[in-house]
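Residue numbers (our numbering), protein chains in the order written: chain X, 7 to 136; chain A, 7 to 136.
By construction, the Cβ of each residue, glycine as well, lies at the ideal position given by its N, Cα and C atoms.
Only a predicted model underlies this, so the values are computations on that prediction, with no experimental measurement involved.
Worksheet: the structure to be examined is printed underneath.
Number of protein chains: 2
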Amino acid sequence: MLIGELAQRAGTSTRTLRYYETHGLVRPRRSANGYRVYDEAELRVVHEIRALLAVGFGLDDIRPFVACLRAGHASGDVCPDSVAVLRRKLAEVDAYLDRLGTVRRQLHDQLAQAIIQREEACLRTRQRDG
Amino acid sequence: MLIGELAQRAGTSTRTLRYYETHGLVRPRRSANGYRVYDEAELRVVHEIRALLAVGFGLDDIRPFVACLRAGHASGDVCPDSVAVLRRKLAEVDAYLDRLGTVRRQLHDQLAQAIIQREEACLRTRQRDG
DNA sequence: CTAGACCTTGTCGCCGGTGTCAAGGCAACG
DNA sequence: CGTTGCCTTGACACCGGCGACAAGGTCTAG
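Structure below.
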């Protein structure tokens with residue numbers, strides 16, 4: 007399988023696949039003419055990469071999962087390094103949820119306060135003019 | 007007040023103040039020698055900018071708040087444009103909280119599943135090896 | 001032989017808010 | 001007059017995951 011076919015089958019671009027390769031996530035062989043040649047297993051790998059990216063992982067975080075798949079495991083999640091990353095990411099997400107919740111509360115209060123002030127100003131105007 | 011003093015008093019850098027200026031958020035006069043001259047009110051403006059940035063607003067979102075302060079209001083929040091931005095941002099945050107909650111659940115499940123599989127594998131190994 | 005559809009490497013651009021450095025003008029003090 | 005310390009504009013660097021383009025090699029069909 008050449009790079010174009012893999013890209014199409016994985017729903018991504020050749021540029022992206024080459025980018026993954028420079029970051030050590032995908033490892034094609036080379037044919038005599040220098041073309042990248044991928045075997046079927048790489049499709050699985052690319053899907054794993056895309057799924058994790060979609061969840062908010064960075065390429066560096068993803069490396070262990072790919073290694074786990076390459077080691078022959080049915081899921082990229084089961085190896086110790088993958089589990090460690092999952093734990094860390096979960097903690098990061100929790101922390102971010104906290105911050106975002108705080109922000110939400112502040113925005114909500116700020117908005118409520120602004121509206122109250124607008125209403126008061128409106129009332130004062132009516133009292134004065136009417 | 008020159009740019010260095012404002013930067014120090016606002017707890018930021020001159021570079022940052024000039025950047026805000028290029029984006030229309032801060033408007034110093036110029037002295038005869040071309041130096042930027044800020045009056046006291048700009049300190050307030052810069053604080054508003056920083057507070058909103060800290061909450062996750064972009065510079066473009068902040069413009070209405072600054073305009074509101076400049077229009078003489080005690081708070082940058084009370085003008086219609088500001089309120090509109092606050093509403094939009096609140097909605098954005100809510101949407102992001104949703105997504106992040108989904109991600110959290112997925113990560114949690116993925117992690118739990120991985121750990122289960124590891125335990126099963128461990129048990130099988132023990133059974134086999136005695 | 002040629003057109004066209006693949007492939008290769010290399011490089012620049014984006015987004016946003018800043019750090020940082022360069023090269024030069026101005027002010028104040030000794 | 002020189003040093004110090006402020007100011008000016010301008011421009012590059014960063015991060016991350018690509019998009020987009022250039023200049024060229026390769027393979028196949030007509």
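Excluding five sequence neighbours on each side, which residues of the same chain lie with their C-beta closer than 8 Å to the C-beta of residue i?
i	result
A/ASP87	PRO70, ALA73, CYS74
X/VAL89	ASP83
X/TYR26	VAL32, VAL52, ILE55, LEU65
Could you check if residue i is buried or exposed, using at least 16 other CB atoms within 10 Å of its CB as the buried criterion?
i	result
X/GLU46	exposed
X/ALA120	buried
A/ARG35	exposed
X/ARG42	buried
X/GLN116	buried
A/LEU129	exposed
A/GLU48	buried
X/ILE9	buried
A/ALA3	Outside the shown range of chain A, which is 7 to 136, sits residue 3 of chain A, and nothing can be said about it.
X/ALA16	buried
Could you tell me which of the options sits nearest to residue i, measuring between CA atoms?
i	options	result
X/HIS53	X/GLN123, X/ARG42, X/ALA118, X/ILE68	X/ILE68
A/SER37	A/ARG134, A/LEU129, A/GLY107, A/MET7	A/MET7
X/SER81	X/TYR102, X/LEU96, X/ILE55, X/LEU106	X/ILE55
A/ASP100	X/THR108, X/ARG94, X/LYS95	X/THR108
A/LEU59	A/LEU92, A/ARG110, A/GLU126	A/LEU92
X/PHE156	A/LEU106, A/ILE122, A/TYR44, A/ASP135	Residue 156 of chain X lies beyond the stretch modelled for chain X, which goes from 7 to 136, so this question has no answer here.
X/ALA127	A/ARG24, A/CYS85, A/THR20	A/CYS85
Answer yes or no: the CB of residue i versus the heavy atoms of the ligand PLP, is any distance below 7 Å?
i	result
X/ASP67	No copy of the ligand PLP appears in this structure; indeed no ligand is present at all.
Excluding the 5 residues preceding and the 5 following residue i in the sequence, name in chain order all residues of the same chain whose CB lies nearer than 7 Å to its CB.
i	result
X/ARG110	none
X/THR138	Residue 138 of chain X is absent from the structure shown; chain X starts at 7 and stops at 136.
Keeping to the same chain, check which residues put their C-beta closer than 6 Å to that of residue i; ignore five residues upstream and five downstream.
i	result
A/TYR44	MET7, LEU12, PRO34
Using Cβ-Cβ distances below 8 Å, what residues of the stretch 67 to 85 of chain X are close to chain A?
For the stretch 67 to 85 of chain X, which is checked against every Cβ of chain A, the residues closer than 8 Å are SER81, ASP83, VAL84.
Chain A contacts from the stretch 91 to 108 of chain X (Cβ-Cβ distance under 8 Å):
Flagged, chain order: LEU92, ARG93, LYS95, LEU96, VAL99, ASP100, TYR102, LEU103, LEU106, GLY107.
Any residues in the stretch 49 to 65 of chain A with a beta carbon nearer than 7 Å to a beta carbon of chain X? Which ones, in chain order?
Under the 7 Å Cβ criterion, the stretch 49 to 65 of chain A contributes VAL61, GLY62.
Chain X contacts made by the stretch 110 to 121 of chain A, where a contact means CB separation under 9 Å
Against chain X - using a Cβ distance shorter than 9 Å - the residues of the stretch 110 to 121 of chain A are ARG110, GLN112, LEU113, HIS114, GLN116, LEU117, GLN119, ALA120, ILE121.
If you measure beta-carbon to beta-carbon, which residues of the stretch 28 to 39 of chain A are closer than 9 Å to chain X?
The residues in question: there are none.
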